[in-house]
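Structure first, then comments.
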Amino acid sequence: MPRRPTAAAARPRSPQLTRQNLGFLLAKASQRWNELLAERFAAAGFPEVRPSYGSILVPLYEEDGLRMGEIARRARLSKQTMTTMVRLLERDGLVERRADPDDGRAALVFLTPRAQAFRPVAEATLRDLGRRARKRLGATTADEVSDALRRLAELE
Numbered sequence: 002m003p004r005r006p007t008a009a010a011a012r013p014r015s016p017q018l019t020r021q022n023l024g025f026l027l028a029k030a031s032q033r034w035n036e037l038l039a040e041r042f043a044a045a046g047f048p049e050v051r052p053s054y055g056s057i058l059v060p061l062y063e064e065d066g067l068r069m070g071e072i073a074r075r076a077r078l079s080k081q082t083m084t085t086m087v088r089l090l091e092r093d094g095l096v097e098r099r100a101d102p103d104d105g106r107a108a109l110v111f112l113t114p115r116a117q118a119f120r121p122v123a124e125a126t127l128r129d130l131g132r133r134a135r136k137r138l139g140a141t142t143a144d145e146v147s148d149a150l151r152r153l154a155e156l157e
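Written out as structure tokens, the structure reads:
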């Protein structure tokens with residue numbers, strides 16, 4: 002008498018649970034990008050700068066002296082995550098908090114001279130990685146991927 006398949010064997014595999022899944026690929030691409038950033042930052046003399054710090058540094062490079070809530074909004078981070086991240090960047094000498102002259106209860110976050118010295122390293126690193134991505138993908142595909150990632154960042 003033939004054996005009946007077990008419940009697990011009878012269930013078809015979900016095509017979404019593979020290493021070809023969009024979310025998995027996005028996560029792995031992001032992980033590799035961050036590994037490359039960390040390697041280059043350390044090689045340039047900034048081993049304390051984690052790739053995740055970009056969520057705080059980029060808005061401050063665009064406009065220094067922002068409130069934490071505004072950085073959180075621009076970086077799409079929760080206020081709790083912002084507090085933790087700003088503490089880490091303070092610890093590593095990249096930002097400092099100062100009282101907001103317009104509201105004594107609030108603080109503004111400013112880049113330190115160390116963070117300002119890091120800016121050209123970050124810009125050169127991102128420029129180089131961008132060139133490498135364009136070479137690997139082709140200019141048109143790289144532009145399409147950038148556009149698609151912007152739209153995915155706004156996914157509801």
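FYI, this note's numbering numbers position 70 of the sequence shown as 71, with every residue one higher than the one before it. All residues carry an ideal CB built from backbone N, CA and C; glycine is no exception.
Bounds of the alpha helix (DSSP H) holding Leu127 are Pro114 to Leu138.
Within the model, the alpha-carbon separation for Gln117 versus Lys136 is close to 30 Å. Rounded to whole angstroms, the separation of the alpha carbons of Gln81 and Ala107 is 15 Å. Leaving aside the five residues that flank Leu61 on each side, the residues in its chain whose CB is nearer than 8 Å to its CB run, in chain order, Leu67, Ile72, Val96, Val110, Phe111, Leu112 and Ala116. In the DSSP assignment, Glu97 falls within the unbroken beta strand (DSSP E) covering Val96 to Asp101. Rounded to whole angstroms, the gap between the alpha carbons of Gly24 and Arg120 is 30 Å. In this structure Leu90 is buried. Its beta-carbon is surrounded by 16 or more other beta-carbon atoms within 10 angstroms. Judged by beta-carbon spacing, Leu130 lies beyond the 8 Å limit of Leu27, meaning their Cβ atoms are not closer than that value. Boundaries of the alpha helix (DSSP H) around Ala30: Leu23 to Ala44.
Nearest to Gly70 by C-alpha distance, out of Glu63, Val87 and Asp148, is Val87. Going by beta carbons, Asp101 and Glu49 fall outside the 8 Å limit.
Secondary structure of Arg92 (DSSP, three-state): helix.
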